[in-house]
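Quick notes on the structure that follows.
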Amino acid sequence: MKKVMSLVLTLLVSICFTSCIQSNQENSNIRENIDTQDQVIYILYKDGYSFLQYLTSDLEKVGNVKVKGGWDLCSTENGKVYVTIAGNANFSGDCLKVIERGKITKTIDLTYDLPLEIRYNSYNKKAYVSHKHKITFANENCISVIDTLTDKEEYSFYYNELIQDFTFSEDNKMYISSQNVKTYEAQIDVVNLNSNEIEKHIVVDVPLTSIEYCESTKMLYGVSDRKESPLLYTVDCKEDRVSSLSIGTSNPSQLVLDKSGDRPLLYISNVDVHNAREGHIITIYDLIEGKEINTIENIDGINAFIVDKGNVYASAVYRDRIYKVDLITNEMIETDIPYPFRIAK
748 MKKVMSLVLT LLVSICFTSC IQSNQENSNI RENIDTQDQV IYILYKDGYS
798 FLQYLTSDLE KVGNVKVKGG WDLCSTENGK VYVTIAGNAN FSGDCLKVIE
848 RGKITKTIDL TYDLPLEIRY NSYNKKAYVS HKHKITFANE NCISVIDTLT
898 DKEEYSFYYN ELIQDFTFSE DNKMYISSQN VKTYEAQIDV VNLNSNEIEK
948 HIVVDVPLTS IEYCESTKML YGVSDRKESP LLYTVDCKED RVSSLSIGTS
998 NPSQLVLDKS GDRPLLYISN VDVHNAREGH IITIYDLIEG KEINTIENID
1048 GINAFIVDKG NVYASAVYRD RIYKVDLITN EMIETDIPYP FRIAK
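In this note's numbering, the protein residues as written are 748 to 1092.
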């Protein structure tokens, strides 16, 4: 009996040791492959658990990392990726995972739980995190601020509205699109990040579910996926003036501002969010000329996209696909990834 137990124990130790060696080798290979790539695309997808998938610019799968309960992600200039852990039906998330070269290097515990959207502010090197809105008297609806140089939560500031989206400008302002849960009034709040106080409160007709601020025009742009009408909203925050203009296709869903060229271009995905996010068009709008200049078609089921180095990368969550479209040649390639719900560069 003792010999049998000894053999079993030896076998278990051997299996564990082999597994650890294989895991370390796999992680090492992931990091080496990532280090040798000029460009990496990050995908959050679900296959039982949430995973962070690394792709090359040609959609080659480099490696992945399990991030259980992952909800949203952002990346920084130094190659770090931050994933909000909102949790799932089995647990309530209350942290961020920091991932570098295919490995989780740190967990940032947050003062408040259920972190959702995260945006990186390249002007001050901080990341801002929204949380699931709660109807409560505990003053716990807030935005958490993360120092990406030290990977620590600096503080949180109180914000008691239902956040739709937020973005930043170089003069240390934060623009928040939100809605009051009692009156249903939609607004744009301009926050001074020096004091974290709201400087302006601008009422809009509908909640703007995706917004971008353009430094060249000093205007905020937004769309609402709650309206089928093909409208692009412009907000002059200095004059407190909101206007809208018609665009070529209905159901605008997401905005992406491309500042890499000689003039800013606004990319607008057109997706019917009430029909399993069916959509296949991205409209390109020249903000200086004030007109549409191109459309990208046949990207089925777009739910999120980015623009980088002359290419559009789009995820199709109900198609289990990632697409890459060359903006010059219109050549498209694709790869299969299960339920890809977030994409970043």
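Built from N, CA and C at the ideal position, the CB exists for glycine as well.
All of these numbers come straight from a predicted model, not from anything done at the bench.
Residues near Tyr-859 by beta carbon distance below 8 Å, same chain, minus five either side
These residues qualify, in order along the chain: Asp-841, His-878, Glu-887, Cys-889, Ser-891 and Ser-903.
* Ser-1000 beta carbon less than 8 Å from that of Val-953 -> Not in contact: Val-953 and Ser-1000 (Cβ atoms no closer than 8 Å).
Please report the distance separating the alpha-carbon of His-948 from that of Glu-986. Distance between the alpha carbons of His-948 and Glu-986: 12 Å.
Margin query: Strictly under 8 Å for the Cβ-Cβ distance: is Lys-1056 near chain B by that measure?
Written below: The question asks about chain B, but that chain is absent: this structure has only one protein chain.
* To do: In the DSSP assignment, find the beta strand (DSSP E) that holds Val-1064 and state where it starts and stops.
  => Val-1064 -> no beta strand (DSSP E), and no H or E assigned at all.
Please name the residue, chosen from Phe-915, Met-966, Leu-896 and Lys-881, that lies closest to Leu-1142 on a Cα-to-Cα basis.
The chain is shown from 748 up to 1092; residue 1142 falls before or after that span and cannot be answered.
**Prompt:** Across which residues does DSSP place Asp-939 in a beta bridge pair?
**Reply:** Checking the sequence shown, residue 939 turns out to be Asn, not Asp. Checking the DSSP bridge columns, you'll see Asn-939 partnered with Lys-920 and Glu-944.
In or out: Arg-1066 buried (at least 16 other Cβ within 10 Å) or exposed?
By the 10 Å Cβ count, Arg-1066 comes out buried.
Exercise. Buried or exposed: which applies to Val-950, given that a residue is buried once 16 or more other Cβ atoms fall within 10 Å of its Cβ?
Worked result: That one is exposed.
*Rounded C-alpha distance that separates Asn-939 from Ala-1051*: Their Cα atoms are separated by approximately 29 Å.
- Hey, Leu-843 and Leu-857 are a contact pair by Cβ (cut 8 Å); roughly how many whole angstroms apart? About 7 Å; that satisfies the 8 Å criterion.
Practice task
Just mark Arg-988 as buried or exposed, buried being the case when its beta carbon has 16 or more other beta carbons within 10 Å.
Solution key: Exposed, since its Cβ has fewer than 16 Cβ neighbours within 10 Å.
Practice item. Inspect the beta-carbon positions of Trp-818 and Ala-836 and report whether they are closer than 8 Å. Key: No.
Would DSSP call Ile-1080 helix, strand or coil? Residue state for Ile-1080 is assigned as strand, using DSSP reduced to three classes.
Taking 6 Å as the limit between beta carbons, can you name the residues of its chain near Val-814, skipping five residues before and five after?
Ser-797, Leu-799, Val-830 and Lys-844.
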